[in-house]
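Per the numbering used here, residue 10 is the first one in the sequence shown, and the count goes up by one each step. Just so you know, even glycine gets a beta-carbon here, dropped at the ideal spot from N, CA and C. These figures come from a predicted structure and were not determined experimentally. Written out below as structure tokens is the structure these notes cover.
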Amino acid sequence: MIDIKLIRENPELVKENIKKKFQHHKLELVDKVIELDQKNRETILEGDSLRANRNKLSEQIGGLMKQGQKEEAEKAKQEVKQINEELLRIEEKEEKYKQEINQIMMKIPNIMHETVPIGKDDTENVEVQKYGEPKVPAYDIPYHAEIMESFSGIDLDSARDVAGNGFYYLTGNIARLHSALLNYARDFMINKGFTYAIPPFMIRSNVVTGVMSFEEMDAMMYKIEGEDLYLIGTSEHSMIGKFKGKILESEKLPYTMTSYSPCFRKEKGSHGIEERGVYRIHQFEKQEMVVVCEPEESYKWYDKMWSYTVEFFRSLDIPVRTLECCSGDLADLKSKSVDVEAWSPRQKKYFEVGSCSNLTDAQARRLGIRAKKKGEKQNYYVHTLNNTVVAPPRMLIAFLENNYNEDGSVNLPKVIRPYMGNMEKLIPDKK
């Protein structure tokens, strides 16, 4: 959510930002907010005037009673009563305008950073840089589910019988590798100075609407029937929600956290759910990084965060690239976002394995997260950022393909061996 002052003072800037996101249907929302805001401010002034008059009359009543002018005092009391009745009507109008304004403001996208490339959708995202040499071996690399099956490591058929498409059973060394990657990611981020956290895996609706747009909520979230609870799509949701309604001490900023959670997503839309693999699924686990910081430091943290993900993947011998999200592919709350994509030697292309986003003060405004400097009266909204460290089992695809040998074995890079019983490679038990 952006500052309403920006709409009052520079509505054309807000409209231009909407146009750059190719959301022309939202242009009318800016004018609607301006209209409602003006009516609300007039109503507030009317209420203030009535309160001032009521206070004046209240003072007069005391004086009149002292002077024995009971009849005049009674008239003044009746006027106060009428004012109170009118104030109830005014306050109802104020609340109505406030709610209407808030609902519309939630639909107006955050102001994008000036460096965001303009484009209609993800096909116009811009490659920033490649890290590591993308190689294609002379031998064929099987589909990732087939590699996992060669280690007796995946059972999609049973999962389909139990839960439907988009679920899986991981077993044996593949399941162990899945956990090893998460444990390595946890320690990797702890060594970067981040605090490890395990958050609630369900959150209330007022947190959901604070961390994402209504469109994202509908496309992603699973609702618990009969309760005001949603399964999280990423631990960022509950980690940012942790600060809801709080005024933080600026001296304690930044909060740098790395959180583990299972994630649950509907995955509605054109992409669909895979039946044969684990690229797009309803359930997965993830190690996330979340930062709550001073506004002037958020882009410094943004660059640090995505670079940590690149460093993590390179430590596992996986080539990656960074891809700048264009305006049309940028979610409404995000000011700037970069995807990290891993190389797939089987497909001979990169695919997304993580995303780093700076939401500036958009989430903080929705959730009321502010900070205050010692000795100062004024508080201010903080900035929030999030980034994927690793999200297996999707990451397993990149790991298995880039470390796959012609004989069907899979190399284990040095950094992951302590989490895998010091094995140097995985040997398939099926051919």
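#1: Given this structure, state the Cα-to-Cα distance separating SER353 from ARG375, to the nearest angstrom.
#2: TYR231 by DSSP, collapsed to three states: which one?
#3: Compare the Cα-Cα distances from GLY377 to each of LYS251, HIS153, VAL398 and report the closest residue.
#4: Specify, as a first and last residue, the run of the alpha helix (DSSP H) that ILE425 falls within.
#5: Beta carbon of GLU104, beta carbon of THR52: below 7 Å?
#6: Give the DSSP-derived three-state secondary structure of MET121 in the structure shown.
#7: Tell me the residue span of the alpha helix (DSSP H) that contains PRO20.
#8: Can you check DSSP and say which residues form a bridge with ASN420?
#9: With contact counted as at least three CB pairs below 8 Å, one residue from each stretch, are the region 421-437 and the region 166-179 in contact?
#10: Grouping DSSP H, G and I as helix and E and B as strand, with all else coil, what is PHE444?
#11: Cβ atoms of VAL135 and PRO126: under 7 Å apart, would you say?
#12: With three or more C-beta pairs closer than 8 Å as the rule, is the region 231-246 touching the region 195-212?
#13: Name the residue from LEU22, ILE70, MET432, GLY363 whose alpha carbon lies nearest to the alpha carbon of ASN119.
#14: Buried or exposed, going by whether 16 or more other CB atoms sit within 10 Å of the CB of THR331?
#15: Could you give the distance in angstroms between the alpha-carbon of LYS24 and the alpha-carbon of LEU165?
#16: May I ask you to report which of helix, strand or coil DSSP gives SER279?
#17: Taking 7 Å as the limit between beta carbons, can you name the residues of its chain near SER307, skipping five residues before and five after?
#18: Per DSSP, what kind of secondary structure is PHE203 in: helix, strand or coil?
#19: Taking 7 Å as the cut-off, decide whether the C-beta atoms of GLY128 and CYS335 are in contact.
#20: Could you tell me if LYS232 is buried or exposed, where buried requires 16 or more neighbouring beta carbons within 10 angstroms of its beta carbon?
Reading off the structure:
#1: 39 Å
#2: strand
#3: LYS251
#4: From DSSP, ILE425 is part of no alpha helix (DSSP H); its letter is neither H nor E.
#5: no
#6: coil
#7: 20-29
#8: LYS434
#9: no
#10: Residue 444 lies beyond the residue range present for the chain, which begins at 10 and ends at 440; the question has no answer from this structure.
#11: yes
#12: yes
#13: LEU22
#14: buried
#15: 48 Å
#16: Confidence in SER279 is poor, its pLDDT being 44 and thus under 50, which makes the residue's placement unreliable; the coordinate value appears in the next sentence. Of the three classes helix, strand and coil, the one that applies to SER279 here is coil, per DSSP.
#17: ASN367, THR369, HIS392, LEU394
#18: coil
#19: yes
#20: exposed
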